[in-house]
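Protein chains in written order, with this note's numbering: chain A, 1 to 367; chain B, 1 to 367; chain C, 1 to 367; chain D, 1 to 367.
Number of protein chains: 4
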Amino acid sequence: MSGNSFGLLYCVTSFGESHGPAYGGVVDGCPPGLELSADDIQRELNRRKPGSSRHVTQRRESDAVEILSGVYEGRTTGTAIGFLVRNEDARSKDYAAIADGFRPGHADYTYFQKYGARDPRGGGRASARETVVRVAAGAIAKKWLRQRYGVEIRGYLAQLGSQKIEFQSWDEAGRNPFFAPNAGIVARLEKFMDELRESGDSCGARVNVVAEGVPVGWGEPVYGRLDADIAAAMMSINAVKGVEIGAGFASIAQKGSEHGDEMTPQGFASNHNGGVLGGISTGQDITVSIALKPTSSIRLPRRTLNTRGEAVTIETTGRHDPCVGIRATPIAEAMLACVLMDHALRHRAQCGDVRPPLKVEKPRKIN
Amino acid sequence: MSGNSFGLLYCVTSFGESHGPAYGGVVDGCPPGLELSADDIQRELNRRKPGSSRHVTQRRESDAVEILSGVYEGRTTGTAIGFLVRNEDARSKDYAAIADGFRPGHADYTYFQKYGARDPRGGGRASARETVVRVAAGAIAKKWLRQRYGVEIRGYLAQLGSQKIEFQSWDEAGRNPFFAPNAGIVARLEKFMDELRESGDSCGARVNVVAEGVPVGWGEPVYGRLDADIAAAMMSINAVKGVEIGAGFASIAQKGSEHGDEMTPQGFASNHNGGVLGGISTGQDITVSIALKPTSSIRLPRRTLNTRGEAVTIETTGRHDPCVGIRATPIAEAMLACVLMDHALRHRAQCGDVRPPLKVEKPRKIN
Amino acid sequence: MSGNSFGLLYCVTSFGESHGPAYGGVVDGCPPGLELSADDIQRELNRRKPGSSRHVTQRRESDAVEILSGVYEGRTTGTAIGFLVRNEDARSKDYAAIADGFRPGHADYTYFQKYGARDPRGGGRASARETVVRVAAGAIAKKWLRQRYGVEIRGYLAQLGSQKIEFQSWDEAGRNPFFAPNAGIVARLEKFMDELRESGDSCGARVNVVAEGVPVGWGEPVYGRLDADIAAAMMSINAVKGVEIGAGFASIAQKGSEHGDEMTPQGFASNHNGGVLGGISTGQDITVSIALKPTSSIRLPRRTLNTRGEAVTIETTGRHDPCVGIRATPIAEAMLACVLMDHALRHRAQCGDVRPPLKVEKPRKIN
Amino acid sequence: MSGNSFGLLYCVTSFGESHGPAYGGVVDGCPPGLELSADDIQRELNRRKPGSSRHVTQRRESDAVEILSGVYEGRTTGTAIGFLVRNEDARSKDYAAIADGFRPGHADYTYFQKYGARDPRGGGRASARETVVRVAAGAIAKKWLRQRYGVEIRGYLAQLGSQKIEFQSWDEAGRNPFFAPNAGIVARLEKFMDELRESGDSCGARVNVVAEGVPVGWGEPVYGRLDADIAAAMMSINAVKGVEIGAGFASIAQKGSEHGDEMTPQGFASNHNGGVLGGISTGQDITVSIALKPTSSIRLPRRTLNTRGEAVTIETTGRHDPCVGIRATPIAEAMLACVLMDHALRHRAQCGDVRPPLKVEKPRKIN
């Protein structure tokens, strides 16, 4: 498995750079017969598109996707689905000022040291614009999971810098540019972001994702656990520094008598385990929470090195998201969808003849 | 890649159940010529061995490892290293009482539903005793990383239930049964555990792991990131519900001007990124923190189902760790070692001809 | 995927050396619920066992298999199946004479150059005794394929050195030590082998393998073709230098009007394609033929080098098969079984919802 | 690893259909710093291009390649190399006549049965036009292998239907449309093909490929053998039904005293093993021979079924290669190049610290 691919059976391969001609991807392993059009993918791409509010990067990209293979007469054929998203609004000259200096906290330093050369234009391969491929692959997975198993995957912004956001409704999360599931807080978030932008600084965020309707039994022992693959998928998103499943870090201070989700014939009494036990789905909601660090490209002056190792000061202008977490919700949803689809196929491969002996309902979920 | 294997080039395959005849593993991809004896592995196995204090399970296992292949005249040959650890003190009768009921928060429920059958003896394949294989594989990786690159991997207990543990010294972490890096707190931890055990309950824990001396450049974009693989490896450890790299969840509330690690010719001014940028090692310490949930096998009565789906109450006696986190330190170290070794080999494969253009020292680390 | 593992979903990992303590393997991905005992495996191991006639190596091994995991109460659990076969009759002193010289045509030269060190005892990891692991893994696959799909996998010796062997009956192939499907030729083969052994030389062989009852649809485009995986599996068997599917090399001189298997509502009119079209099974018999080279360990004097690069003459005594092909039939069957099982699972994963639109019988097969 | 990808470290992913908008691929794992332009790839693509003589399909494609990522300022960056080749001359109407019938010997039958649907246009994903991706990926591998190790990979047509072709010179193989390494035979081949085309039939072919300059030590035991991966790569080429390494099937009738390549301080005395022993390169030429079956799309009437399972007669008009083997030489070279590059990287990963203890020259090669 190469570093630009992930998934064992639902396998996504990605290529492209921020200021190259295009991003593209190959989705392999999708079952045949799924109705699929460019629109299905476009709808999700539009959710992560830049330039959609003043709080995100002002780069203008239509992010129009072209499906190149794997779909015939409106349905997947079972062969590799290739797709392309052309870059339209790259402004490489914006990077002239920082062509020679490493942004503190940015991957341009490690790429330079690893590969021995430098592509300063927009972060090159390290740019978060690569997530366009993930969202496209996730759109296909979401559709199949919904149609085949009734799985619904949704996310929301749970914290923006210092601002915690109480969950109120999924509907609201779709109505504002923050994916904030709470109408009452939007004005506060806007003010917070306006001040942040003005200050030239950036902030982090927390995004929560939930998959409802996942059947019991997906995931594998010991290393192939569902939660292990979710953790890798989430941590592979640009800027993510932490991943929790279920109660996550709160589990540390819990007692076993509190944490262990009791079962009744009507269902589980709680979901501290976040829908995964022993690496295998329980049938409850899969609940994941991720921490995204503040953007490293900021206007404030910072001490750094140039490519000759000399001390310099850097101030990053150009167009950047002051909080990458704002656009991260559809990305995290997409990654969860890809992992779940991969495990749905893996489970069917090995356990296609097994019927889960017990039927348990799941009356409670934790958002 | 099967669910019981991990690693692309340093590949570990595991088998065994808690109450079967033995655990064993195969380590593939180890470079030839490494001096290796059973003692090198045994030393690490002894650190995670059960029965070593009253605060962990009283199961008595020598955990004696037998190397079956891949080593000739005291050195690795480059071929597959097979090894075996026999089970000696399995008491299957302890499980008679719970043979029919699912422990809340335990994987015996999901295994039953996934595979359609039940091995109630000691958790079967879901038992944390499987970590013996990880520790053995990690011992080999640790030795190679130390000899070849001077990498040092160490961990400690950072929190036990409600008890936070301040880091004071690595030496102390090796002197007490908790891996607590702080002599002053040990008595308090003992009292806490004695009370917990008496109450019949269990608690969670936080374990921190640090790799020092990792060269810049290990890790791959985009999905094959070093931190993504670390996240998967950590989340695959039994009971882990959260993983952080560097500042982790604290990044959310940080500003970019605080989080982004400034660089000077003398080195980085901080390490909020935990030694990884864009999925590639920076040359700073790799810092990882994990959350372990409380043990699900507790004496307190809990509502659950039996294998016929009927409501029952379960009280788990037998021998169990009241806090699996206490023995998790060597396991987390081992997983980090395996991932780093895998990426050391991967980096050498692709970039064996690259010399990092810049030399940067690294005067600061975060524990 | 490491070099000592193969298979994507039915994944076999192998370890052990000819004169080490044991061989062993891990089979991952086997569906749960399959009745399985050590006897099921032993039966196949006995078919490849050394010492069973004067025409093969006289090393005496019981090849007794011990199942260490993955089976509970007589059925597979779905978790990793670990097994062990102890070495009992290694005579390392036999190798003193050749400890310093490379046998022409033997892998001891390339291992020495690759890994920089030498394990002269019985070929070390390069010994064909490793095939014990393949046969064990294949025994499990054969059983599952037979029970789940009615697939029957059988092989026979088709040529022994200069002696071509006409196929007459499967029954006869099980009755003589050559796996020759022709009673009339056995005496001639015995005479041929007696003379060969006396001459101190060795010879090659051709083995054919057939899988009957494979459903249409197994295999994947483009690189994941069923025949590509079969080719790799066969070529990975010690001493194999050629692989054919269906008409194989005879296809070169065929016309399209002869080669292309016509179809009728009653079935295919021929099977020149060997049961695979475009990398996907047709529903006809899968027919494979392999060429095994003559054993490199022979008594006749040969020019070679020693480990210091000096010209020496080598004569290999010790116990060796004068024709490794004689014992290769169960090995080739096992490899075909493992590949088919892997693809059965892969097909079910992706196309579990597809019913092949056409029903076609298959009245003709080519042996 | 998905079915549309191959290679562990030099990993090629492919997409596209004969009558879709484009073919494309992603090459992952290429070392950074390699000078690379579209021209480097185009040169190889032109060698396999259709329409270059009257003996191959008359479809007119410029096969112009566009590099979309992974190259910056004329050098590889170390990140994924994406590329695209647009289809220009697809004539789907040619397929109207056969839209409903399966060509005997063609994959359209197995695809239909596997995936439950049918893309009749030009073979869809099963079309040999997919090899454009292989040749592009192979061009990069060839260049790197030549620059880094001095490896030279070349092939030629060794048999065309009934016509055996004696090897005379590499130069001549580049001068005629058959890749025939023998000027004297070209007129005969032209006559043979003219008659074949006129008859409406097709024929098979043999292609030989040789890699010179491969260092000793590439390849891995036991399943990861160099020859096993070569066998898979070759068998994955459309129409290939047989693969030989070195003496191949001739090994069967050889004696060990003939087959085993003797060694002298000046080098090996022969190369029956084709440059591979125990799955590891010997330092001699790697010699591979493949059998390609006759094209299944022929004008002669053939019995077959239509998509409703009814008996029909089919005559395939449209534009087809009467012998796919004629254009297979650059494809086979490309596959060998990709496999060798993958193993070069794998070897460097594990054995980067090993120096082969012995220096042996290699004065003899077998073509």
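Don't be surprised by glycine CBs; every beta carbon is placed ideally from N, CA and C.
K293/C burial status per 10 Å Cβ neighbour count (16 or more: buried): Sixteen is the threshold: when 16 or more other Cβ atoms of the shown chains lie within 10 Å of the Cβ of K293/C, as they do, the residue is buried.
Three-state class that DSSP yields for V56/A in the structure shown: Three-state result, V56/A: coil.
Assigned exposure category for P301/B - 16 Cβ within 10 Å defines buried: Here P301/B is exposed, its C-beta having fewer than 16 other C-beta atoms within 10 Å.
Segment limits, beta strand (DSSP E) that includes Q159/C: For Q159/C, the enclosing beta strand (DSSP E) covers residues 152-160.
Where E17/D sits in the DSSP three-state scheme: The answer is coil: DSSP assigns E17/D none of H, G, I, E or B.
is_contact[Y109/D, chain A] using C-beta, thresh 9 Å: With 9 Å as the cut-off, Y109/D does not count as an interface residue toward chain A.
For A99/A, the three-state DSSP class (helix, strand or coil): Residue state, collapsed to three classes: coil.
C-alpha distance - L160/A paired with G101/A, whole-angstrom precision: Cα to Cα, the separation comes out at about 29 Å.
Integer Cβ distance of G155/A from A253/B, believed to fall under 8 Å: The C-beta distance from G155/A to A253/B rounds to 20 Å, too long to meet the 8 Å contact threshold.
Listed by chain order, chain D residues near G3/B by CB distance under 9 Å: Chain-order list of chain D residues neighbouring G3/B: empty, with the shortest C-beta distance near 15 Å, by a criterion of under 9 Å.
Selection from F83/C, R75/C, R54/C, L45/C that minimises the alpha carbon distance to V27/C: Ranking the options by Cα distance to V27/C, first place goes to F83/C.
Cross-strand partners of E166/C (DSSP beta bridge): E166/C pairs with nothing; no bridge assigned.
Cβ-Cβ separation, P322/B to V135/B (assumed contact under 8 Å), whole Å: Wrong, their Cβ atoms sit about 21 Å apart, outside the cutoff.
Residue from S5/C, R346/C, G25/C whose Cα sits closest to the Cα of W218/C: Measuring from the Cα of W218/C, the nearest candidate turns out to be R346/C.
Proximity below 9 Å, CB of G124/A to CB of L277/B: Not in contact: G124/A and L277/B (Cβ atoms no closer than 9 Å).
Whole-angstrom distance between K241/D and M235/D, CA atom to CA atom: Taking the CA atoms as reference points, M235/D sits about 7 Å from K241/D.
Residues bridged to C11/A [DSSP beta-bridge criterion]: BP columns for C11/A point to D28/A.
Beta-carbon proximity check, Q163/A vs G184/A, cutoff 9 Å: Their beta carbons are not under 9 Å apart, which means Q163/A does not touch G184/A by this criterion.
C-beta atoms of A90/D and G122/D nearer than 9 Å: Yes, these two residues count as a Cβ contact at 9 Å.
Under the three-state DSSP convention, the category C203/B falls into: Correct three-state label for C203/B: strand.
Sequence-distant residues of its chain with Cβ nearer than 6 Å to E61/D (five each side left out): Counting only Cβ-Cβ distances below 6 Å, and skipping sequence neighbours, we find P50, E88, D89.
Burial state of F6/D (16 or more Cβ within 10 Å): The residue is buried, with at least 16 neighbouring Cβ atoms inside 10 Å.
Minimum Cβ-Cβ distance from P177/B to chain D less than 9 Å: It does not; no Cβ of chain D falls within 9 Å.
Limits of the alpha helix (DSSP H) - the one that G138/C falls within: Counted as a single uninterrupted DSSP element, the alpha helix (DSSP H) harbouring G138/C occupies residues 131-149.
Counterpart residues of E73/C in DSSP-defined beta bridges: DSSP, once it has assigned bridges, lists no residue as partnering E73/C.
Q254/D: contacting residues in chain C (beta-carbon distance under 8 Å): The answer, in chain order, is C203, G204, K293, P294.
Residue-level contact to chain D via CB, E258/C, 9 Å cutoff: For E258/C, a Cβ of chain D is located within less than 9 Å of the residue's own Cβ.
Contact list for R348/B against chain D, beta-carbon separation under 7 Å: Within chain D, the residues placing a beta-carbon under 7 Å from that of R348/B are R348, A349, G352, ordered along the chain.
CB contact check: V71/A to chain C, cutoff 9 Å: By this cut-off, V71/A is not an interface position.
Proximity test, Cβ basis, 9 Å: K365/C and chain D: Because K365/C carries a pLDDT of 49, less than 50, the predicted location of this residue cannot be relied on, and the following value inherits that uncertainty. Closer than 9 Å: no.
For L305/A, the first and last residue of its enclosing beta strand (DSSP E): It spans 302-305 - the beta strand (DSSP E) in which L305/A sits, taken as one unbroken run.
Neighbourhood of M341/B by C-beta distance below 7 Å, restricted to the same chain and skipping five residues each side: A distance below 7 Å between beta-carbons, with the five flanking residues on each side excluded, links M341/B to the following residues of its chain, in chain order: Y10, A141, W144, L145.
Validate contact between the region 69-81 of chain B and the region 16-23 of chain C using beta carbons, cut 8 Å, 3 pairs: The region 69-81 of chain B is in contact with the region 16-23 of chain C.
In chain order, each alpha helix (DSSP H) run of at least 4 residues that lies wholly inside the region 248-313 of chain B: Qualifying alpha helix (DSSP H) stretches, in chain order: 256-259.
Cβ neighbour criterion (16 or more within 10 Å) applied to G248/C: Flag for G248/C reads buried.
Which listed residue (R118/C, T76/C, I290/C) has its alpha carbon closest to that of D40/C: Selected option, being the one with the closest Cα: T76/C.
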